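>
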Amino acid sequence: MKNFVLVATYTYPHEYLILKFILTEEEIPFFFENETMIGISPFYSNALGGIKLRVHVDYVDYVKELIQQFDNPGNHLKIV
194 MKNFVLVATY TYPHEYLILK FILTEEEIPF FFENETMIGI SPFYSNALGG
244 IKLRVHVDYV DYVKELIQQF DNPGNHLKIV
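The sequence shown runs 194 to 273 under the numbering used here.
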């Protein structure tokens, strides 16, 4: 796990579902830390520091670009 870098943090699972689908489809190695715990008990999100997206170091720049595209107001796949 030392080859995985923190790229983003989310509070609730619905905030990253589209991104998760894209990363899976493109076979980018990633995982969400605390995803299961917060899925079971959403009120622990702040206590655990949120749901952390960790990506393999070789894909960090690409994933950051993907996340920035979601922030573009003209993008129809914007993360809510």
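Backbone N, C-alpha and C fix where the C-beta goes; we use that ideal spot for every residue, glycine too. If you're wondering where the values come from, they're calculated on a predicted model, not measured in any experiment.
(1) List the DSSP bridge partners of K245.
(2) Provide the residue(s) that pair with F197 in DSSP beta bridges, ordered along the chain.
(3) Work out the CA separation of K195 and T229 for me, nearest whole Å.
(4) Quick check on DSSP: helix, strand or coil for I221?
(5) With 16 as the cutoff for other CB atoms within 10 Å, does G292 come out buried or exposed?
Reading off the structure:
(1) T202, E226
(2) H249
(3) 21 Å
(4) coil
(5) No information on residue 292 is available, as it lies outside the stretch 194 to 273 that the chain covers here.
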